[in-house]
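A.B. asks: To start, I am sharing the structure in question, which I have written as structure tokens.
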Amino acid sequence: MKKNNEEKRENIIIKTSIIGILVNILLVIFKATVGLLSNSIAIILDAVNNLSDALSSIVTIIATKIADSEPDKKHPLGHGRVEYLSAMIVAGIIFYAGITSLVESIKKIINPEKVEYSKITLLVLLVSIILKLVLGKYVKTKGENFNSPSLIASGSDAMSDAILSLSVLLSAILYIFTNINIEAYVGVLISIFIIKAGLEIFIDAINEILGKRVDKDIKTKIKKTICEIENVYGAYDLVLHNYGPDKYIGSVHIEIPDSMTAEQIDPLERHITDVVLAKHNVYLSGITIYSMNTKNEEIIKIHSDILNTVMSNEGVLEFHGFYIEEKNKSIRFDIIIDYSKKNRDEIYEKIYNDVKKKYPDYTINIKVDIDI
Numbered sequence: 000m001k002k003n004n005e006e007k008r009e010n011i012i013i014k015t016s017i018i019g020i021l022v023n024i025l026l027v028i029f030k031a032t033v034g035l036l037s038n039s040i041a042i043i044l045d046a047v048n049n050l051s052d053a054l055s056s057i058v059t060i061i062a063t064k065i066a067d068s069e070p071d072k073k074h075p076l077g078h079g080r081v082e083y084l085s086a087m088i089v090a091g092i093i094f095y096a097g098i099t100s101l102v103e104s105i106k107k108i109i110n111p112e113k114v115e116y117s118k119i120t121l122l123v124l125l126v127s128i129i130l131k132l133v134l135g136k137y138v139k140t141k142g143e144n145f146n147s148p149s150l151i152a153s154g155s156d157a158m159s160d161a162i163l164s165l166s167v168l169l170s171a172i173l174y175i176f177t178n179i180n181i182e183a184y185v186g187v188l189i190s191i192f193i194i195k196a197g198l199e200i201f202i203d204a205i206n207e208i209l210g211k212r213v214d215k216d217i218k219t220k221i222k223k224t225i226c227e228i229e230n231v232y233g234a235y236d237l238v239l240h241n242y243g244p245d246k247y248i249g250s251v252h253i254e255i256p257d258s259m260t261a262e263q264i265d266p267l268e269r270h271i272t273d274v275v276l277a278k279h280n281v282y283l284s285g286i287t288i289y290s291m292n293t294k295n296e297e298i299i300k301i302h303s304d305i306l307n308t309v310m311s312n313e314g315v316l317e318f319h320g321f322y323i324e325e326k327n328k329s330i331r332f333d334i335i336i337d338y339s340k341k342n343r344d345e346i347y348e349k350i351y352n353d354v355k356k357k358y359p360d361y362t363i364n365i366k367v368d369i370d371i
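Heads up: the sequence shown begins at 0 in numbering that gives the first Met the number 0, then just goes up one per residue.
Here's what the structure looks like:
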């Protein structure tokens, strides 16, 4: 099933990219012809922008084929991150087109030339606007449905192109009725938008490669699935490593009764791994455990008291992993403190002192977990 889904995703991305290439090549031919005949730098630059979109779609196809290739000895976790590299290449193409367009537009401002617009010119621009809006919406929707950064970037870029083409159309109409030529300045505006789009796509790709915070909704759903399994009373510290769109490998802490044996824990961990992989397409490479006190009612009251004490401190996001070892009189638990708090060390010290004051006969062991 997983393999079939990957093949479907690959086919959809390639099919969508091919449609984008064909539409953009068609627009390049029409716009370049009209731009040269009318001596319009704005229309010519609009054609160059469409050419860059076609090249971007070609890059997307190549990257998708590589990303979906089987893992090998050098890349045991697959090649999914190639899609982020392809998004960077797409960004580079767009950025280059923007810089080139900006230079040419400035030249036209310094040395303006007469332009000649016709009804055909206006018709081509109007048709291109409609085509780019439809194409952009289609490509972006497919990208979001199949989590393809390259398609989302291409779709967003196409919709921005439609707006830029509209500005060219309006400048042409203005020239026809008032003889005021602002097309070189429109070219500058187009160039700035193209450069901005390239930078945004590049930054998004860099964030994915660096390892940005995983969507909270994804983690919440995985934790909920784990907690629905018998004998699991909590799921914490879920770490997900991204190896391409929809390709996660991770680890998690689970809270289980201290009465369970290794013989019982082993099949439980295997079951959790299978369920999470089947339901969320996430492979849990490691599952570690927090033991939960179940043999002493008094400990439950202590747990509730310490929980209230800890969570009363502003900036504490989570309390978990609580356990009391009666034999050696020790209390241990983990907390997560908001990174936005500048006095994180002070918050930790206060929590430690408050708990120690209430339970002076116990050794207190508090671990500050990473806010992931």
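C-beta: ideal position from N, C-alpha, C; glycine also.
Computed from a prediction, not measured in an experiment: that's the story for all the values here.
1) Can you say whether F176 is buried or exposed, counting buried as having 16 or more other CB atoms within 10 angstroms of its CB?
2) Cβ of E69 less than 7 Å from any chain C Cβ?
3) For the segment 101-147, which segments carrying the alpha helix (DSSP H) assignment without a break, of at least 4 residues, lie completely within its bounds, in sequence order?
4) What is the rounded straight-line gap between the Cα of L168 and the Cα of L124?
5) I'd like to check one pair, G135 with G197: are the Cβ atoms closer than 7 Å?
6) How big is the Cα-Cα spacing for T224 and D265?
7) So, at 7 Å on beta carbons, what are the nonlocal neighbours of K340 in its own chain, with the 5 sequence-adjacent residues on each side left out?
8) If distances are taken between C-alpha atoms only, which option among Y174, V114, A46 comes closest to I128?
9) Please determine, among S153, I205, Y137, the residue with the shortest C-alpha to C-alpha distance to S55.
10) Report back the beta-carbon spacing between D353 and T308 to the nearest angstrom; my notes put them in contact at under 8 Å.
11) Starting from M291, follow the beta strand (DSSP E) in both directions and report where the run begins and ends.
12) How should P148 be labelled, buried or exposed, when 16 other C-beta atoms within 10 angstroms of its C-beta is the threshold for buried?
13) Taking DSSP as the reference, what is the three-state secondary structure of P256?
14) Across the segment 229-246 and the segment 180-192, are there enough close Cβ pairs to call them in contact, namely three or more that are closer than 8 Å?
15) Using DSSP bridges, identify the partner residues of D236.
16) Around the C-beta of K122, are 16 or more other C-beta atoms found within 10 angstroms, so that it is buried, or is it exposed?
17) Since N241 sits in a beta bridge, which residues does DSSP pair it with?
18) Look up S311 in the DSSP assignment and say whether it is helix, strand or coil.
19) Quick check: the Cα distance between G77 and I301, rounded to an integer number of angstroms?
20) Here's the rule: buried if 16 or more other CB atoms are within 10 angstroms of the residue's CB, otherwise exposed. What is S117?
C.D. replies: In brief:
1) exposed
2) The structure shown has no chain C; it contains just one protein chain.
3) 118-144
4) 6 Å
5) no
6) 18 Å
7) G314, I346
8) A46
9) S153
10) 5 Å
11) 281-291
12) buried
13) strand
14) no
15) Note: D236 sits in no beta bridge, so no partner.
16) Per the sequence shown, the amino acid found at residue 122 is Leu instead of Lys. Result: exposed.
17) Y247
18) coil
19) 47 Å
20) exposed
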